[in-house]
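Participant:
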Amino acid sequence: MAGLMSRFTTLFKVKANKALDKAEDPGETLDYSYQKQLEMLQKVKRGVADVVTAKKRLQLQTAKLEESVVKLDGQAKTALAGGREDLARTALERKALIQGQLQGLDQQIAGLEQQQQNLLEQEQRLSAKVEAFRTQKEVVKAQYSAAEASVRIGEATTGLGEEMSDVGMALQRAQDKTDQMQARAAAVNELVDTGALDDLTAPAGDDLDRQIASLTAGGQVDAELAKMKAELGTGAPAGELSAASAADAEPAPAPSTDAGEEAKG
Amino acid sequence: MIVRILERGQFRLPDDLHGRLNELDNAVAAAVAAGDEDAFSSAFGALIEFVQEAGEPVADSELVTSDHVLPHPETTLEEAREAFAGEGAIPG
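So the protein sequences, as listed, match chains G and E. Residue numbers for the first sequence, in my numbering: 1 to 265. Residue numbers for the second sequence, in my numbering: 1001 to 1092.
(1) To which residues of the same chain is G/Gly133 closer than 6 Å at the C-beta, ignoring the five residues directly before and after it?
(2) Buried or exposed for G/Ala236, please, with buried defined as at least 16 other CB atoms from any protein chain shown within 10 angstroms of its CB.
(3) If distances are taken between C-alpha atoms only, which option among G/Lys71, G/Leu30, G/Lys36, G/Leu80 comes closest to G/Glu231?
(4) Hey, would you say G/Leu41 sits closer than 8 Å to G/Leu126, going by beta carbons?
(5) Starting from E/Val1058, trace the alpha helix (DSSP H) both ways and give me its first and last residue.
(6) How about G/Leu60 and G/Lys137: do their beta carbons lie closer than 8 Å?
(7) Taking the straight line between their C-alpha atoms, what separation do you get for E/Leu1070 and G/Glu66?
(8) Starting from G/Leu112, trace the alpha helix (DSSP H) both ways and give me its first and last residue.
(9) Based on Cα-Cα distance, which residue from E/Gln1010, E/Asn1022, E/Thr1075, E/Gly1009 lies nearest to G/Met5?
(10) If you pair each beta-carbon of the stretch 139 to 149 of chain G with each one of the stretch 86 to 105 of chain G, do three or more pairs fall below 8 Å?
(11) Around the Cβ of G/Asp179, are there at least 16 other Cβ atoms within 10 angstroms (buried) or fewer (exposed)?
(12) How long is the line joining the alpha carbons of E/Asp1025 and G/Lys227, rounded to whole angstroms?
(13) I want to see whether chain E comes within less than 8 Å of G/Gln122, judged by CB atoms only; does it?
(14) Taking CB distances under 8 Å as the criterion, tell me whether E/Leu1070 reaches chain G.
(15) Within the chosen definition, does the stretch 1003 to 1010 of chain E reach the stretch 1060 to 1068 of chain E through at least 3 CB pairs nearer than 8 Å?
(16) What are the boundary residues of the beta strand (DSSP E) that E/Gly1009 is part of?
(17) Is DSSP giving E/Leu1070 helix, strand or coil here?
(18) Are any of the Cβ atoms in chain E nearer than 8 Å to that of G/Gly3?
(19) According to the neighbour-count rule (16 or more other Cβ atoms, all chains shown, within 10 Å of its Cβ), is E/Thr1075 buried or exposed?
(20) Who are E/Arg1004's beta bridge partners in DSSP?
(21) Helix, strand or coil: how does DSSP classify G/Glu163 here?
(22) Mind checking G/Arg84: buried by the 16 CB within 10 Å criterion, or exposed?
(23) Can you give me the start and stop residues for the alpha helix (DSSP H) that E/Leu1077 sits inside?
(24) Relative to the alpha-carbon of G/Lys45, which residue among G/Asn118, G/Asn17, G/Lys56 has its alpha-carbon at the smallest distance?
(25) Within the same chain, show all residues whose beta-carbon is closer than 8 Å to that of G/Val69, passing over the 5 residues directly before and after it, in chain order.
(26) Would G/Leu171 and G/Lys43 be called neighbours here (beta carbons separated by less than 8 Å)?
(27) What residues in the stretch 1011 to 1034 of chain E bring their beta carbon closer than 8 Å to a beta carbon of chain G?
(28) Taking a contact to mean a Cβ-Cβ separation below 8 Å, would you say G/Lys36 touches G/Met181 in this structure?
(29) Within 8 Å (strictly less), CB to CB, does G/Gly47 reach chain E?
(30) Assuming E/Leu1017 is part of the alpha helix (DSSP H), what are its boundary residues?
(31) Quick check: G/Leu112 and G/Thr62, are their CB atoms within less than 8 Å of each other?
(32) Can you tell me where the alpha helix (DSSP H) holding G/Ala223 begins and where it ends?
(33) Whole angstroms is fine: what's the gap from E/Pro1073's alpha carbon to G/Asp73's?
(34) Using three-state DSSP, classify E/Asp1036 as helix, strand or coil.
(35) Using a Cβ-Cβ cutoff of less than 7 Å, which residues in the same chain neighbour E/Ile1048 once the five nearest sequence positions on both sides are dropped?
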């Protein structure tokens, strides 16, 4: 088996050469190349901006979910104080679910941050190379005929062609990643907006759902309930609490759906 | 020789390191052939690290063609496998 490197080198060069072959007239090649380089630089700048936008969106979502966590925690306390352990449990289940989502978001934001840094470095490198190419181009054009000039600058052209392909692939990768994240962010939003707790704890289709299901099934909710009870004072006859606070917690008896509505806000 | 690591730029390595580079590269190929995720990530990591440590970054103002090209450092076993299959790894 040939090495990965030789295999990949061949594949990459085929692609880089394809990108260079587009200008047929050698007299036009140099200016055409330079034009393409400037376009690529613009694309990289837009690519960086897209990554930054995606990152900001995830950060906003994080803030929103963090608010939900605080709110659900308060609701659970109110429900428990009102003697409604079932509702408190539902609120805590939702809280655990959202906390699971928050962890995933943190990782995604870190991933985008990294991608942004990489693209910025590549932009800088490409920008310097484009400038170097422009200088060489002007020098050879002043000294040689157009056809000879493009031969003389051949190494520079292929060198820069590689750089352009490299950056082009990085942009594609960044685009794929931000697309994936937007799709996931939309799914999380839907989850929060609909309070689709029951759906999510049902047998689930992907890793994330399974993770959430196991999280809510775990001991976390029980532990938190116990802790809240302790804070409230275990001796307190929960049923004796005022009707008003019970009503605050939850007016209707059907637990999960209504708690979902309650948590919505 | 000049080695490009995608998304990291080009590195200039002394020609006498070619043998070592090939050894590391073959280890990566073997891991891909075996479908061994752990072996791949350590072998590929070693290859990338070797190029970056033993090589000098090519100046940003220098325009040269690469003798060898490596995929970006976060490449997965699956993506490497696609390079051997000749599809997917090079989009567009």
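Ideal Cβ placement from N, Cα and C applies to all residues, glycine included.
Facilitator: Looking at the coordinates:
(1) For the purposes of this step, residue 133 of chain G is identified with residue 133 of the first sequence, where counting begins at 1. First, the residue type needs correcting, since residue 133 of chain G is Phe and not Gly in the sequence shown. Cβ neighbours of G/Phe133 within its own chain (closer than 6 Å, five residues either side excluded): Ala156, Leu160.
(2) Numbered from 1 along the first sequence, position 236 holds the residue referred to as residue 236 of chain G. In this prediction, G/Ala236 has a pLDDT of 48, which is less than 50 and means its spatial position is unreliable; what the coordinates show is noted afterwards. Residue environment for G/Ala236: exposed (fewer than 16 other C-beta atoms within 10 angstroms of its C-beta).
(3) Numbered from its first residue, the first sequence carries residue 231 of chain G at position 231. Distance from the Cα of G/Glu231 is smallest, within the candidate group G/Lys71, G/Leu30, G/Lys36, G/Leu80, for G/Leu80.
(4) Reading the first sequence from its first residue, position 41 is the one you call residue 41 of chain G. Reading the first sequence from its first residue, position 126 is the one you call residue 126 of chain G. Their beta carbons are under 8 Å apart, which means G/Leu41 touches G/Leu126 by this criterion.
(5) Here residue 1058 of chain E is taken as the residue at index 58 of the second sequence, counted from 1. That residue, E/Val1058, is in no alpha helix (DSSP H); it is neither H nor E in DSSP.
(6) One-based indexing of the first sequence puts residue 60 of chain G at position 60. One-based indexing of the first sequence puts residue 137 of chain G at position 137. The answer is no: Cβ separation not under 8 Å.
(7) The sequence position of residue 1070 of chain E within the second sequence is 70, counting from 1. The sequence position of residue 66 of chain G within the first sequence is 66, counting from 1. A straight line joining the alpha-carbon of E/Leu1070 with that of G/Glu66 spans about 41 Å.
(8) For the purposes of this step, residue 112 of chain G is taken as residue 112 along the first sequence, with counting starting at 1. Unbroken alpha helix (DSSP H) run through G/Leu112: 85 to 143.
(9) Taking the first sequence and counting its residues from 1, the one referred to as residue 5 of chain G is at position 5. Selected option, being the one with the closest Cα: E/Asn1022.
(10) No, the stretch 139 to 149 of chain G does not touch the stretch 86 to 105 of chain G.
(11) Residue mapping note: residue 179 of chain G aligns to position 179 of the first sequence, counting from 1. By the 10 Å Cβ count, G/Asp179 comes out exposed.
(12) As a first step, residue 1025 of chain E must be located in the second sequence, where it is residue number 25. As a first step, residue 227 of chain G must be located in the first sequence, where it is residue number 227. A straight-line Cα-Cα distance of about 56 Å links E/Asp1025 and G/Lys227.
(13) In the first sequence, counting from the first residue as 1, residue 122 of chain G sits at position 122. With a threshold of 8 Å between beta carbons, G/Gln122 makes contact with chain E.
(14) Start at 1 with the first residue of the second sequence, and residue 1070 of chain E comes out as number 70. Judged by the 8 Å Cβ criterion, E/Leu1070 is in contact with chain G.
(15) Segment contact: the stretch 1003 to 1010 of chain E against the stretch 1060 to 1068 of chain E, three or more CB-CB distances shorter than 8 Å; contact assigned.
(16) Position 9 of the second sequence, counted from the start, is the residue given in the question as residue 1009 of chain E. Start and end: 1009 to 1012.
(17) As a position in the second sequence, residue 1070 of chain E is number 70, starting the count at 1. In the structure shown, E/Leu1070 sits in a strand (DSSP, three-state: E or B).
(18) Along the first sequence, read from residue 1 onward, the residue named residue 3 of chain G stands at position 3. Cβ-Cβ to chain E under 8 Å: yes for G/Gly3.
(19) Taking the second sequence and counting its residues from 1, the one referred to as residue 1075 of chain E is at position 75. By the 16-neighbour rule on beta-carbons within 10 angstroms, E/Thr1075 is buried.
(20) Position 4 of the second sequence, counted from the first residue, corresponds to residue 1004 of chain E. Answer by DSSP bridge pairing, in chain order: E/Gln1010, E/Val1069.
(21) Translated into positions along the first sequence, residue 163 of chain G becomes position 163. When DSSP states are grouped into helix, strand and coil, G/Glu163 belongs to the helix group.
(22) Position 84 of the first sequence, counted from the start, is the residue given in the question as residue 84 of chain G. The residue is buried, with at least 16 neighbouring Cβ atoms inside 10 Å.
(23) In the second sequence, counting from the first residue as 1, residue 1077 of chain E sits at position 77. Annotation for E/Leu1077: the continuous alpha helix (DSSP H) segment containing it runs 1077 to 1085.
(24) What you label residue 45 of chain G is simply residue 45 of the first sequence in a count that begins at 1. Ranking G/Asn118, G/Asn17, G/Lys56 by CA distance to the CA of G/Lys45 puts G/Asn118 first.
(25) The count along the first sequence starts at 1 and reaches residue 69 of chain G at position 69. Short of 8 Å from the beta carbon of G/Val69, and not among the five residues preceding or following it, lie these beta carbons of its own chain, in chain order: Lys95, Ile98, Gln99, Leu102.
(26) Indexing the first sequence from 1 puts residue 171 of chain G at position 171. Indexing the first sequence from 1 puts residue 43 of chain G at position 43. Yes; because the gap between Cβ atoms is below 8 Å, this pair is in contact.
(27) Residues Leu1021, Asn1022, Asp1025, Asn1026, Val1028, Ala1029, Ala1030, Val1032, Ala1033.
(28) In the first sequence, the residue the question calls residue 36 of chain G occupies position 36. In the first sequence, the residue the question calls residue 181 of chain G occupies position 181. No, they are not a contact pair.
(29) As a working note, residue 47 of chain G is residue 47 in the first sequence. Between G/Gly47 and chain E, the shortest Cβ-Cβ separation is not below 8 Å.
(30) The residue you call residue 1017 of chain E lines up with position 17 of the second sequence. Taken as a continuous stretch (DSSP letters only), E/Leu1017 belongs to no alpha helix (DSSP H), as it is neither H nor E.
(31) Position 112 of the first sequence, counted from the start, is the residue given in the question as residue 112 of chain G. Position 62 of the first sequence, counted from the start, is the residue given in the question as residue 62 of chain G. No, these two residues do not count as a Cβ contact at 8 Å.
(32) As a first step, residue 223 of chain G must be located in the first sequence, where it is residue number 223. G/Ala223 -> alpha helix (DSSP H) spans 220 to 232.
(33) Numbered from 1 along the second sequence, position 73 holds the residue referred to as residue 1073 of chain E. Numbered from 1 along the first sequence, position 73 holds the residue referred to as residue 73 of chain G. Going from the Cα of E/Pro1073 to the Cα of G/Asp73 covers about 42 Å.
(34) Mapped onto the second sequence, residue 1036 of chain E falls at position 36. Coil at E/Asp1036, not helix or strand.
(35) As a working mapping, residue 1048 of chain E is identified with position 48 in the second sequence. Ile1005, Leu1070, Pro1073.
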